[in-house]
Each structure stands twice: as C-alpha cells, then as structure tokens.
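J.:
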Amino acid sequence: MSRRSRGFTLVEVIVALTILAMSILLVTRAFLILLQVTNQGGNVTVASSLAVRVLEQVRAGPESQTTSAGWITQFDAVANQGPTAFGPPFSNYEYQVIVNQVDLSNPSLPQEIVYPCWLTANPPAGCSPGPDHSDTIKWVTVRVSFRGQQLAQVSSALIREMYRRP
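Going by the numbering used here, the first residue of the sequence shown is number 1, and it counts up by one from there.
1. By DSSP, does Pro167 sit in helix, in strand, or in coil?
2. Under the three-state reduction of DSSP, which class applies to Val44: helix, strand or coil?
3. Measure the Cβ-Cβ separation of Ala157 and Trp139 and say whether it is below 8 Å.
4. Cutting at 8 Å between CB atoms, please list the residues of its own chain near Gln111, excluding the five before and the five after it.
5. Under 8 Å between the Cβ atoms of Val97 and Val54?
6. Measure the C-alpha to C-alpha separation of Ile113 and Gly148 and round it to an integer number of angstroms.
7. Considering only the beta carbon of each residue, do Gln248 and Gln65 sit closer than 8 Å?
8. Can you tell me which of the three DSSP states Thr9 falls into?
9. Measure the C-alpha to C-alpha separation of Asn100 and Ala79 and round it to an integer number of angstroms.
10. Using alpha carbons as the reference points, say which of Arg29, Ala21, Val52 and Val37 lies closest to Val142.
11. How is the beta strand (DSSP E) around Ala69 delimited, first residue to last?
12. Within the continuous beta strand (DSSP E) that includes Ser155, where are the two ends?
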C-alpha cells in the first residue's frame, strides 16, 4: 500500500492537535484581554460621569443662590470632602473633593498657576476687563476611584462674588 492510502501517522495527528490547541488558547487569551480593556474603559466612562456630577453639585451650591450674600455664604462653605463612597449601583466607586483657595491679589503666586488676566488685581495693558471680584478663587477638583484605583479627575474654578446679585 502506498503512504497516501494508509492515512496520517499518530505523530502527525498529535502535532496537528497541538497546533490547534495552541491556536484556540491564543484566541481565547486575546478575547479575555479584549474583555478586560472594554471593562476598564466602561469603568473610566462611569467614573468620569460621576466626577462631573459631583463637581456640578459642588458648583450648584453658590450658583443656585439668588443673592450675593447667599453666593458668598455658599462659596465659603465649599470645602474638602472625602473619600466618600457613592450609593448603589456605584458602591465600588468613591470620590474626593479637593479645594485649593487662591488669593489672586498675592504677587508671589507661583508661575504654574494660570488664570485669565482679568482675574489679577492689576490687569496688564490690553487685557479685556472681566467681572468685578474680590480676588479670591477656589480651584475645585473631584477625583473618582474604582476599588482604590483613581480613574477620573475633573476641575473647575469658583470665583468669590463672581456674579453680582441684589
């Protein structure tokens, strides 16, 4: 009988099955990595959304006031918070609010603090005038973590007496 009519040898079958098994393992591993990356991306998206939500809640305190006195009272009440856990269904997420107050009339501010020229006590020539203010600004940063790993951070500024109200 010729070799062709006898079929495959045991060694050939074992080699073919080994190659097939390795290919299946590699495809499975790639699929699992893809699932991990997709899950992490979803966590970052949720964390970013939660961070914006908390930041807007902090900003809503002063901005929802109808009088300047109410604005100033709420502005002065903005303070550091956290870490604080979110309620269900986001109980694996927690947030922290960090507030840095800056007196803009201070001439020795570090150069890395960048803000609009109209916020300075003596705006340079050519600077468009902005709203009247009392030279106090709060940089509010919200950090959101998922199971202890920080995934998102958003920041905004609140200016004392930014909006004049009756």
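Every residue gets a Cβ at the ideal spot worked out from N, C-alpha and C, and that includes glycine.
Being a predicted model, the structure only gives us computed values, none of them experimental.
T.: Inspection of the coordinates gives the following:
1. For residue 167 there is no data in the structure shown, the boundaries of the chain being 1 and 166.
2. It is helical.
3. In this structure, Ala157 lies near Trp139, with their beta-carbon atoms less than 8 Å apart.
4. Per-residue confidence for Gln111 stands at a pLDDT of 46, beneath the threshold of 50, marking its modelled position as unreliable; the derived number appears in the next sentence. Around Gln111: no qualifying Cβ.
5. The answer is yes: Cβ separation under 8 Å.
6. In this prediction, Ile113 scores a pLDDT of 48, lower than 50, which makes its location untrustworthy; no coordinate-derived value is stated.
7. With the chain represented from 1 up to 166, any question about residue 248 goes unanswered, as that position is not in the structure.
8. Three-state result, Thr9: coil.
9. Rounded to the nearest whole angstrom, the CA to CA distance from Asn100 to Ala79 is 9 Å.
10. Closest in C-alpha terms to Val142, from the list Arg29, Ala21, Val52 and Val37, comes Val52.
11. Per DSSP, Ala69 lies in no beta strand (DSSP E) segment; the continuous alpha helix (DSSP H) that holds it begins and ends at Ser68 to Ala77.
12. It spans Gln149 to Ile159 - the beta strand (DSSP E) in which Ser155 sits, taken as one unbroken run.
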